[in-house]
Amino acid sequence: MIQRIQSVYLLIAAICGMVGLSLPVGRYVADGLLSATMYNLWIVPADGSSRSFASVPLFVVLLLASAISLYTIFMYKNRKQQMRFCSFTSLLLVGWYVVYAALAVLCGGSSDASFSPSVYGALPAVALILNVMASRAIRADERLVRAADRIR
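According to the working numbering, the sequence shown holds residues 802 to 953 in order.
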(Lines of atoms letter the chains of each structure in order from A; the text may use other names.)
(Lines give C-alpha, C1' and ligand atoms only; values in the text may rest on other atoms or scores of the structure.)
Protein backbone atom coordinates (compact mmCIF):
# COMPACT_ATOMS: atom_id res chain seq x y z
CA MET A 802 0.00 0.00 0.00
CA ILE A 803 1.34 3.42 -0.88
CA GLN A 804 -0.46 5.23 1.98
CA ARG A 805 1.95 4.06 4.66
CA ILE A 806 3.87 6.33 7.02
CA GLN A 807 7.21 5.42 5.43
CA SER A 808 5.96 6.82 2.15
CA VAL A 809 5.39 10.15 3.88
CA TYR A 810 8.87 10.01 5.44
CA LEU A 811 10.47 9.24 2.10
CA LEU A 812 8.52 11.97 0.32
CA ILE A 813 9.55 14.59 2.87
CA ALA A 814 13.16 13.36 2.65
CA ALA A 815 13.09 13.74 -1.14
CA ILE A 816 11.61 17.23 -0.83
CA CYS A 817 14.33 18.22 1.67
CA GLY A 818 16.96 16.99 -0.77
CA MET A 819 15.46 18.83 -3.72
CA VAL A 820 15.12 22.08 -1.78
CA GLY A 821 18.66 21.71 -0.52
CA LEU A 822 19.97 21.51 -4.08
CA SER A 823 19.25 25.17 -4.75
CA LEU A 824 20.12 26.82 -1.43
CA PRO A 825 23.55 27.97 -0.20
CA VAL A 826 25.20 25.45 2.12
CA GLY A 827 28.03 27.61 3.41
CA ARG A 828 30.09 30.78 3.19
CA TYR A 829 33.78 31.51 3.15
CA VAL A 830 34.67 34.56 5.25
CA ALA A 831 38.05 36.28 5.14
CA ASP A 832 38.88 39.24 7.38
CA GLY A 833 35.25 39.63 8.40
CA LEU A 834 34.11 40.01 4.79
CA LEU A 835 32.29 37.47 2.65
CA SER A 836 34.71 36.02 0.11
CA ALA A 837 32.55 33.28 -1.47
CA THR A 838 29.24 31.44 -1.14
CA MET A 839 29.10 27.68 -1.64
CA TYR A 840 26.04 26.07 -3.21
CA ASN A 841 25.62 22.38 -4.00
CA LEU A 842 26.50 22.99 -7.64
CA TRP A 843 29.04 25.81 -7.59
CA ILE A 844 31.00 28.25 -5.50
CA VAL A 845 30.30 31.92 -6.24
CA PRO A 846 32.94 34.50 -5.27
CA ALA A 847 31.68 37.65 -3.53
CA ASP A 848 32.74 39.86 -6.42
CA GLY A 849 30.51 37.85 -8.79
CA SER A 850 33.33 36.73 -11.08
CA SER A 851 33.47 33.26 -12.61
CA ARG A 852 31.87 30.40 -10.73
CA SER A 853 33.87 27.42 -9.58
CA PHE A 854 32.23 24.05 -10.12
CA ALA A 855 34.34 22.34 -7.43
CA SER A 856 31.25 21.42 -5.41
CA VAL A 857 29.54 19.41 -8.16
CA PRO A 858 29.98 16.15 -6.18
CA LEU A 859 27.67 17.59 -3.52
CA PHE A 860 25.02 18.21 -6.15
CA VAL A 861 25.35 14.76 -7.68
CA VAL A 862 25.17 12.92 -4.36
CA LEU A 863 22.18 14.90 -3.09
CA LEU A 864 20.34 14.59 -6.42
CA LEU A 865 20.94 10.84 -6.45
CA ALA A 866 19.77 10.48 -2.84
CA SER A 867 16.60 12.46 -3.57
CA ALA A 868 15.83 10.46 -6.70
CA ILE A 869 16.33 7.16 -4.89
CA SER A 870 14.06 8.31 -2.06
CA LEU A 871 11.32 9.08 -4.57
CA TYR A 872 11.83 5.75 -6.33
CA THR A 873 11.74 3.89 -3.01
CA ILE A 874 8.22 5.12 -2.33
CA PHE A 875 6.89 3.10 -5.25
CA MET A 876 8.65 -0.13 -4.24
CA TYR A 877 6.04 -0.86 -1.55
CA LYS A 878 5.44 -4.41 -2.81
CA ASN A 879 9.03 -5.47 -2.11
CA ARG A 880 9.77 -4.38 1.45
CA LYS A 881 13.21 -6.01 1.68
CA GLN A 882 14.44 -4.14 -1.36
CA GLN A 883 12.79 -0.98 -0.06
CA MET A 884 14.82 -1.31 3.17
CA ARG A 885 18.01 -1.77 1.14
CA PHE A 886 17.32 1.36 -0.86
CA CYS A 887 16.66 3.31 2.35
CA SER A 888 19.99 2.11 3.74
CA PHE A 889 21.79 3.02 0.53
CA THR A 890 20.22 6.48 0.54
CA SER A 891 21.30 6.94 4.15
CA LEU A 892 24.87 6.02 3.19
CA LEU A 893 24.73 8.53 0.34
CA LEU A 894 23.62 11.27 2.71
CA VAL A 895 26.44 10.45 5.13
CA GLY A 896 28.76 10.58 2.12
CA TRP A 897 27.35 14.02 1.30
CA TYR A 898 28.58 15.27 4.68
CA VAL A 899 32.01 13.72 4.12
CA VAL A 900 32.33 15.54 0.79
CA TYR A 901 30.90 18.70 2.37
CA ALA A 902 33.58 18.66 5.09
CA ALA A 903 36.32 17.99 2.53
CA LEU A 904 35.17 20.88 0.34
CA ALA A 905 34.88 23.19 3.33
CA VAL A 906 38.53 22.55 4.14
CA LEU A 907 39.99 22.36 0.63
CA CYS A 908 38.12 25.04 -1.33
CA GLY A 909 38.66 27.99 0.97
CA GLY A 910 40.22 30.13 -1.72
CA SER A 911 42.78 31.96 0.34
CA SER A 912 44.55 30.47 3.33
CA ASP A 913 43.04 32.95 5.81
CA ALA A 914 39.40 32.28 4.80
CA SER A 915 37.26 30.44 7.30
CA PHE A 916 34.20 28.40 6.44
CA SER A 917 30.85 28.97 8.13
CA PRO A 918 28.14 26.43 7.37
CA SER A 919 24.65 27.58 6.47
CA VAL A 920 21.42 26.48 8.12
CA TYR A 921 20.46 24.89 4.81
CA GLY A 922 23.37 22.49 5.16
CA ALA A 923 21.21 20.68 7.71
CA LEU A 924 18.58 19.65 5.13
CA PRO A 925 20.47 16.47 4.18
CA ALA A 926 20.63 15.61 7.91
CA VAL A 927 16.84 15.96 8.10
CA ALA A 928 16.58 13.72 5.03
CA LEU A 929 18.93 11.22 6.69
CA ILE A 930 16.79 11.11 9.84
CA LEU A 931 13.65 10.65 7.76
CA ASN A 932 15.28 7.81 5.80
CA VAL A 933 16.17 6.04 9.04
CA MET A 934 12.61 6.50 10.31
CA ALA A 935 11.25 5.11 7.02
CA SER A 936 13.56 2.12 7.26
CA ARG A 937 12.30 1.38 10.78
CA ALA A 938 8.69 1.68 9.65
CA ILE A 939 9.34 -0.70 6.74
CA ARG A 940 10.98 -3.17 9.13
CA ALA A 941 7.93 -2.95 11.42
CA ASP A 942 5.62 -3.63 8.45
CA GLU A 943 7.72 -6.65 7.51
CA ARG A 944 7.47 -8.01 11.05
CA LEU A 945 3.71 -7.45 11.04
CA VAL A 946 3.29 -9.34 7.76
CA ARG A 947 5.44 -12.24 9.00
CA ALA A 948 3.42 -12.44 12.21
CA ALA A 949 0.18 -12.49 10.21
CA ASP A 950 1.60 -15.28 8.01
CA ARG A 951 2.47 -17.36 11.09
CA ILE A 952 -1.09 -17.05 12.41
CA ARG A 953 -2.58 -18.47 9.23
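Built from N, CA and C at the ideal position, the CB exists for glycine as well.
Residue burial annotation: Val906 is exposed, with fewer than 16 other C-beta atoms found within 10 angstroms of its C-beta. If you ignore the 5 residues before and after Ser867, its C-beta comes within less than 6 Å of the C-beta of Ala815, Gly818, Met819, all in its own chain and listed in chain order. When DSSP reads this structure, Val845 sits in a beta bridge with Thr838. Here Pro858 carries a helix assignment [DSSP, helix/strand/coil]. Non-local C-beta neighbours of Val895 in its own chain, meaning closer than 6 Å and more than five positions away in sequence, are absent.
Taking C-beta separations shorter than 8 Å and ignoring five residues to either side along the sequence, the partners of Thr873 in its chain run Leu811, Gln883, Phe886, Cys887, Thr890, Ala935, following chain order. Residue environment: Ala949 is assigned as exposed (fewer than 16 neighbouring CB atoms within 10 Å of its CB, all protein chains considered). Take the alpha-carbon of Arg940 and the one of Pro858: they are about 31 Å apart. If one requires a minimum length of 3 residues, the beta strand (DSSP E) runs lying completely within the stretch 880 to 944 are 915 to 918, in chain order.
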